[in-house]
Each structure stands twice: as structure tokens, then as C-alpha cells.
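J.:
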Amino acid sequence: MWDVISTFWLQHAPVLSVLLPVFTAVGLLLIGDSASSGGTGADGRQRWGARLSMASVLLGLFMAVQLVHHASGGDLLVYQLGEWPAPFGIVLVLDRLSALMVLLTYLVAVPVLWYATGGWDTRGRHFHALFQFQLMGLCGAFLTGDLFNLFVFFEVLLIASYVLLVHGQGRERFRMGVHYVVLNLAASGLFLIGLALVYAVTGTLNMTDVALRVGQLTGDSAVLARAAALVLLVVFGLKAALVPLYFWLPGTYASASAPVAALFAIMTKVGVYSIIRVHWGIFGAEAGEAAFAAQAWLLPLALATSVLGVLGALAAHSMGRLVAYLTVSSVGTILAGVGLYSPATLSASLYYTLHSTVVIAGLFLLVELMAAQRGDALDKLRPAAAVREPVLLGLMMIFGAASAAGLPPLPGFLGKLMILESSSGLPAQVWVWAVVLSVGFFTIVGLARAGVIVFWHIQPDEGQGNPGSGSSVKLLSAVWAFMALTLAMAVLASPVKRYTDAATAQLADQAAYARAVLGMTGAPTTRPYDGQRTPAAAPTEETR
Amino acid sequence: MEFLLATGIGFVTACAIYLMLRGRTFPVVLGLSLLGYAVNVFIFAMGRLWSNAQPILVGDGPVADPLPQALVLTAIVIGFATTGFVIELALRSRHESGSDHVDGHEPGHAPGYRSAATAPAGKSGGQA
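These protein sequence lines map, in sequence, to chains A and B.
Here the first sequence stands for residues 0 to 543, where the numbers follow numbering that gives the first Met the number 0.
Here the second sequence stands for residues 0 to 127, where the numbers follow numbering that gives the first Met the number 0.
(1) What alpha helix (DSSP H) runs, 4 residues minimum, are completely inside the segment 348-410 of chain A?
(2) If you compare alpha carbons, which of A:200, A:344, A:521, A:512 is closest to residue 95 (chain A)?
(3) Going by DSSP, name the residue or residues bridged to residue 457 (chain A).
(4) Look at the Cβ atom of residue 30 (chain A), then the Cβ atom of residue 44 (chain A), and state whether they are nearer than 8 Å.
(5) Mind pulling the chain A residues with CB within less than 8 Å of residue 67 (chain B)?
(6) Can you name the start and end residues of the alpha helix (DSSP H) that residue 294 (chain A) belongs to?
(7) In angstroms, rounded to a whole number, what distance separates the CA positions of residue 417 (chain A) and residue 344 (chain A)?
(8) In the DSSP assignment, the beta strand (DSSP E) including residue 78 (chain A) goes from what residue to what residue?
(9) For residue 471 (chain A), name the three-state secondary structure that DSSP assigns.
(10) What whole-angstrom Cβ distance do residue 98 (chain A) and residue 70 (chain A) have, given they're in contact under 8 Å?
(11) Since residue 14 (chain A) is in the beta strand (DSSP E), which residue starts that stretch and which ends it?
(12) Going by C-alpha to C-alpha distance, which of B:64, B:45, B:47 sits closest to residue 53 (chain B)?
(13) Report yes if the CB atom of residue 308 (chain A) is closer than 8 Å to the CB atom of residue 354 (chain A), and no otherwise.
(14) Which residues, in chain order, does the segment 169-183 of chain A contribute to contact with chain B at a C-beta distance below 8 Å?
(15) Does any CB atom of chain A fall closer than 8 Å to the CB of residue 122 (chain B)?
(16) Chain E partners of residue 91 (chain B), CB-CB under 7 Å?
(17) So is residue 5 (chain B) buried or exposed if we call it buried at 16+ other beta carbons inside 10 Å?
(18) At the 8 Å Cβ level, is residue 41 (chain B) part of the contact set with chain A, yes or no?
(19) Going by Cα to Cα distance, which pick from A:296, A:325, A:194 is closest to residue 38 (chain B)?
(20) Residues in its own chain within less than 7 Å of residue 286 (chain A) by CB, not counting five upstream and five downstream?
(21) Could you give the residue range of the beta strand (DSSP E) that holds residue 90 (chain A)?
(22) Under 7 Å between beta-carbons, which chain B residues line up against residue 544 (chain A)? List them in chain order, please.
(23) Which residue's Cα is closest to the Cα of residue 33 (chain B): B:69, B:78, B:58?
(24) So, residue 363 (chain A) versus residue 257 (chain A), is the Cβ gap smaller than 8 Å?
(25) Kindly indicate which residue of A:89, A:56, A:164 has the alpha-carbon position closest to the one of residue 81 (chain A).
(26) Under 8 Å by Cβ, that's how I've got residue 230 (chain A) and residue 189 (chain A) pegged, so tell me the actual separation to the nearest angstrom.
(27) At a cut of 8 Å, does the segment 164-171 of chain A reach the segment 200-209 of chain A through at least three beta carbon pairs?
(28) Return the residue from the list A:391, A:351, A:336, A:446 that minimises the CA-CA distance to residue 432 (chain A).
(29) Is the separation between the beta-carbon of residue 178 (chain A) and that of residue 101 (chain B) shorter than 8 Å?
(30) Of all the options A:233, A:171, A:219, A:404, which has the alpha carbon lying nearest to the alpha carbon of residue 91 (chain B)?
(31) Flag residue 27 (chain B) as yes if its beta-carbon sits less than 8 Å from any beta-carbon of chain A, otherwise no.
(32) Taking its Cβ as the centre, do 16 or more other Cβ atoms sit within 10 Å of residue 7 (chain A), making it buried, or is it exposed?
(33) Nearest-angstrom Cα distance between residue 275 (chain A) and residue 375 (chain A)?
(34) If you reduce the DSSP assignment to three classes, tell me which class residue 99 (chain B) lands in.
(35) Using DSSP bridges, identify the partner residues of residue 205 (chain A).
(36) Select from A:265, A:312, A:420 the residue whose C-alpha is nearest the C-alpha of residue 339 (chain A).
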């Protein structure tokens, strides 16, 4: 029995990770929620919906751990949807990097969903179903081995995120929602233009096949390929909040409800992941004339992102915006490691990605807990009523701040140290060191400023309208889970680093990808396209 | 044909960008739709231009590249869904803020001026 299950699982693992959230979401829609039914029994439905959602996410976490366990062996798991062979069929590819990102998604999703069941999920309709659709989009985007499918999963996760953003309603959310949706739709158009250019020059959209074909391009085709790479950099830069394209992020994340903002912490990482896939995997060292198309742009923009993000954090007038700007800043640090185009820095960046996602998600939740205890001031950074649990929340804030800023012995410090160490000897070393170190310093200043205002600048007379005691253990436990994850990442730094090193090495091994995805014979190509049928198409014609 | 198609796509894209830079939500939505059309035709063109060629293997003669057609189909479906959503969102935003400006307030007015006396800024619930 167990053998059958494990064989089935190994055979279908990538697609099951995508299908699990979909089926859960459909089930949740069938159950319905209180707002759509009303009357008696609605609360029960809500409760069952929350339980189903939670159970599904826990199962997903278990599956993600299995995926990482499987991928850590170094095998590529290729899943051909409908058994159509690549490059024209769609494939899902599980390698170390994608398994790691799926695991990260679920590590964020479980505490966030636990937090959301503490009340947020009842403030709008179909929260759980949308949450599952968002997970589907995230897992799909991480697992797909096809550029067009990357676009499709981007749309899935974005549509879910549009609705999650306005979850709970309020004028501010709709205002930011319009900006967010319009920007992302424009970016989707640009994404398609980039894909069409890639298709025009290579005749395929399978990532592995594109990577092989790009290397053979010369002359005008190579120039077009470079243009496509830069168009895609703009698109992914918008998702990741790279420098000229980050203005939407702070307002959007600050206006979203806390669990949604915490979940969105992973969405910038989708942009980072796509940049790694496209600009390392496809337009990397082996791309011939189109190699390193983004090199001149990525590193300077990433460093500028880091600096401007932390300046925004210093100037923020509310805690939500502060954490949102820290997101921008951390993305800059991550992309600096990616933009250095050395395997060691990429590995360090991956470690830092894990850490910053977890810490920022935890900070978003913590900020709401603090805001809930400050009366009318909410998360505005101005003197207001005292927080009712200054010691507990204060210590948690210090923990989060120390890790976000990179103080030893927390993983933020380890991640930054890895980036600094791995960049030594490279031409841009001075810039990277200067930016990473000063950004760490200013992050401390910004968070200390927030902490001082929230915990010490107290106006006692405003504290009258705050009945009730402290935060519920349920909400606190979600934040504690993120802290435990942070600690675990510090303790397990060595195995995690070994894994990211292996993931980076695997990314560079294009021959292995080609063998696994395209088979031993290699793939037929349609470029240059002449309108004639290839000989391979003839037998199928005869059998009709 | 190449010149006509290229200038056509360019013209539609230019109109789309102009409309998307307007301040009201309706022109912005129109601009997004136009951009979608331009992009779809662009994807077609990237599969090389053929006249009188079949995308399905029937009989003899030249064959048009079928893959861009599949891509365009998917892109159209997604474009419909997102356009529908953005229209609904724009209507709701107009309802919440009392202005169809993309910023949620008329130029020259502070955000939330309309009902500032009745509800604290950013926290107006609206009727569901």
C-alpha cells in the first residue's frame, strides 16, 4: 500500500503540488462561506472551510519537505503534462532551486494562514479559496519549466493577489488596488512582448531548449535575444520591486491586511526567482552573444534598490510602510548577489532570500499586533497610547529588527556575511561591501526609531479607550513560528548553505537539464521557419 | 505586409500608452485593452508572417506556425479575465472614494476629502 502511494507520489510529485491547492480551493468554494449563505449553519461552514484550508496547507508543507528531500539527491524530476514530449509539450521541472522555493512558500503560508484564521478570514468573502489559488500560482511559477507557463502562473497568482489585496475592503485598499492592478496588467503585456521576442528568435519557449538555442544565435538574432532579456528584466524587476519600478510596493503592502501583506512577502521573491531562472539559466554564461545581457543593469539597480529602500524605511510614517520598505531593501541585497554573476554570491543570495522572506512576513504580522494595541494611532509612527504588552512585543520587535538588520548571530547576519565574503575579489566588491554594510546600519536606525516612538513616546491620556488585555496566544503563535524559523535557519545554516550551493551548481549544469527535459536525442527546432513540414511530421500524417 | 503590420502594432501601442497615462480609470482600462490587442498581434507576427497557410496539417502547401496561435488564445482568455476584473475594481474604487481618478481623489484635493468628517481616512468600510 505504502509502496504504491510512494511510487505514485514520486511519479506525479510536481503536478500534485500544483493541483493540491486548486482542488482545495474548489472544495472551499463548494463549501461556501458565511457571507454568501447567511442564516444558520454559516459559522459551521466557515469553521470547516478554515479547517480544510489549514489541513491542505499542512499537507502541502509535508509534500514540499518531500520535494526538497527528493531534489537534494540531485536528480531532476521532469513531469510532462499529457505526456507530450518537450519542447512543444509543457513540462514541470523540479530541481533543487524550485523545490526550495516551494518549501519556502509553504513555510510562510502555514503561519500566515494560522494567523488569518484568528479573524481576518471572516472580514471578506472567500479568503481561504483565494489563499489557495495564490498558493497554486506560486507553486506553479516555481515548478514550471516553460516560459509561457511562467506567464500563466504569474497571472494566476496575480489575480488571486488582486482580490486578496482588497480583502477586508476600505477606501485605501481600493485606491492602492487600482494602481497595483493596472501596473501589473501593463507588466503582463510587456511580459508577453518579451516572450514573443524569445519565441521569434529561438522557436521555443521551453526554458531548457531556449537556453540551448540562445547560445547558437548570432548577429541580429542575438541582439533581439538581448532585447528580450532586458524586457523580461523590466517585467521581473517590477514584480521584485527593483529600483525604478518599486514605487507601487510600499503603499500596496502597507494598505493590505496583515496576513495578506505577510503572504505577499513571497511575491517579490517570485520576481527574484524568475530573474535567476531567466538571467542565470537562459542568458547566463553559455548564451553566446547574448550572454550576461542584464549584467550591466542588474547590479547597479540592485544596489540602488537597497539604498533607496532603506532611505524609505527611515522616512516612513507608519510601521506598515517601514516594513514594506525593508522588503524593497532586502530585495536589493538579494539581487546584488544575483547580479554579481558568480555561483558563490548566488548561493549566498538564496540563503538570504529564505531569511528575509521569513523575517519580513513575521514583521508584517507583528506590526499589526502592535497596531491593535495603540488605540486610534494604529501603526502610525507618532506618539500615542502605550502598547499594553511592551515587554513581550518589544522583545519580539528587537528580535525581528536585529535579524532584518543583520546582527549576529541571527541568519540575517549570516546571509549578509555570506554575500560579503563571496563578493570579495570581484570588481564590484567595494560597492557591494559599502552598500550592504551601510544599509544594515540604516536598517537598525530606522527600526530603532520606530521602536523608540512606539514603546517609549507614550501619551498616557490617550490610553483610556483601550479596554481588554493583550494579544491572543493564537495570533502571537504565528509570529513565534516565524521567529522559530529564523532561529532554525541560524542553527541549520551549514546544511542550508550546502543545499543552496548544490542548487547553484545544478543551475549551471545545462547539459543535465537538456538530458532530463529534452531526452538523449535533443529537440527538433522550427527555426529558421520555412513553412515546410519536418520529416518527423510525415509518419503521423500517414497513419490517419 | 511587414511594414503595415509593424506600423499598425506600433500605432495601437502608442495609443494604448497614451490612454494608460491618463488620469481617469476609464481611459486607463481602454489603454490596457488596446495594449492587449497590440501584444496579441505581435505574438502572431513573431511566428513569422504567412498568407494562405494553414495552422493545421491539412493537405499540402505551407504551414503556418501553430504555436503562436495557441499562445494568443491563452493570452486573450487571460486578458478578458483581467480586463473584467479591472473594470469591476475601477467601479468599486469610484464608489468607495467618490472619484474616478486613478489616485482615488480629484487632483488638488487631499485623499479622502469627501467623507473626512464621517469616517477616519483609510478606514471607511463602505456598504458591502
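Note that CB positions come from ideal geometry on N, CA and C, so glycine has one too.
T.: On the basis of the data shown:
(1) 389-404
(2) A:512
(3) DSSP, once it has assigned bridges, lists A:383 as partnering residue 457 (chain A).
(4) yes
(5) 195, 198
(6) 294-314
(7) 8 Å
(8) Note, residue 78 (chain A): beta strand (DSSP E), 76-79.
(9) coil
(10) 4 Å
(11) No beta strand (DSSP E) holds residue 14 (chain A); the alpha helix (DSSP H) holding it covers 1-30.
(12) B:64
(13) Contact flag unset, no.
(14) Going along the segment 169-183 of chain A in chain order, one finds 169, 170, 171, 173, 174, 176, 177, 178, 180, 181 with a Cβ nearer than 8 Å to chain B.
(15) Low confidence applies here, because residue 122 (chain B) scores a pLDDT of 41, under 50, leaving its location unreliable; read the following figure in that light. By this cut-off, residue 122 (chain B) is an interface position.
(16) The chain inventory of the structure shown lacks chain E, comprising the protein chains A and B.
(17) exposed
(18) yes
(19) A:194
(20) 213, 214
(21) Run containing residue 90 (chain A): 90-93, per the beta strand (DSSP E) assignment.
(22) Chain A is shown only over 0 to 543; residue 544 (chain A) falls outside these bounds and no answer can be derived.
(23) B:78
(24) yes
(25) A:89
(26) 6 Å
(27) Output reads no: the segment 200-209 of chain A does not touch the segment 164-171 of chain A.
(28) A:336
(29) yes
(30) A:171
(31) yes
(32) exposed
(33) So the alpha carbons of these two residues sit roughly 43 Å apart.
(34) coil
(35) A:145
(36) When the alpha-carbon of residue 339 (chain A) is set against those of A:265, A:312, A:420, the nearest one is in A:420.
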